[in-house]
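Using the numbering used here, you'd call the opening residue of the sequence shown number 960 and step up by one each time. Glycine is no exception: its CB is placed at the ideal position from the N, C-alpha and C atoms.
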Amino acid sequence: MSKIEEIVDALENKISKVLHKQEVLKQTNAKLSQQIEEQQQKLLKQQEEIASWVDKYETLKIANSMLGSDDNKRETKLKINALIREIDHCIGQLSE
960 MSKIEEIVDA
970 LENKISKVLH
980 KQEVLKQTNA
990 KLSQQIEEQQ
1000 QKLLKQQEEI
1010 ASWVDKYETL
1020 KIANSMLGSD
1030 DNKRETKLKI
1040 NALIREIDHC
1050 IGQLSE
């Protein structure tokens, strides 16, 4: 009978260790999930900031062209023409 008790005690110890490892892994998983979420939020914020800087850069290029810079004159003319066409379209819709 004592041999069976030893086997049962050993099995209980192993089960206890496995359950403890499982709990530790659950906690680690929760921490890692939280870190992933934080990094995703940080990445999203950085992507929005990059998009903002790109817009500012494009605006600055157009402003420089209007001030006499020859580097982006063609792009500026195309942008102005597109804006004029859009304004003409809006005026046409208002007059109908």
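In this structure, does DSSP put residue i in helix, strand or coil?
i: L1003; result: helix
i: L1026; result: coil
i: E1045; result: helix
i: E1055; result: coil
Thinking residue i and residue j are a contact (beta carbons under 8 Å), I'd like their distance in whole angstroms, please.
i: T1035; j: M1025; result: 6 Å
i: I1021; j: K1038; result: 6 Å
Rounding to the nearest angstrom, what Cα-Cα distance links residue i and residue j in this structure?
i: L970; j: L991; result: 31 Å
i: E1045; j: E1007; result: 27 Å
i: Q999; j: I966; result: 49 Å
i: E997; j: Q981; result: 24 Å
i: K985; j: I974; result: 16 Å
i: A1010; j: L978; result: 48 Å
i: C1049; j: W1012; result: 30 Å
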